[in-house]
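Heads up: the structure comes next, in structure tokens.
In the working numbering, the protein residues as written are 76 to 143.
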């Protein structure tokens, strides 16, 4: 999965596979896959003013994830 760099305090890059609905986020402390994430959530993250806040508010506790 190709990751795109983002400007953020904690996130380094993000990527998304629309077929598997996996959102991959590279943080400063590791990389995580989030499962069954709708594409609009990924787009919201890309367009968010604060990527860290968006992740904490809309992704972290809403989707199952694993560190890879």
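Ideal Cβ placement from N, Cα and C applies to all residues, glycine included.
DSSP, reduced to helix, strand and coil, places residue 118 within a helical segment of the structure shown.
Exposure of residue 103 is indicated by the presence of fewer than 16 other C-beta atoms within 10 angstroms of its C-beta.
Per DSSP, reduced to three states, the secondary structure at residue 135 is coil, with no helix or strand assignment.
Between residue 98 and residue 117, the beta carbon gap of about 5 Å places them in contact (Cβ cut-off 8 Å). Separation of residue 127 and residue 94 (C-alpha to C-alpha, rounded to the nearest whole angstrom) is 25 Å.
Rounded to whole angstroms, the gap between the alpha carbons of residue 120 and residue 133 is 9 Å. Inclusion of residue 90 and residue 142 in the CB contact set at 8 Å is not warranted, their separation being larger than that value.
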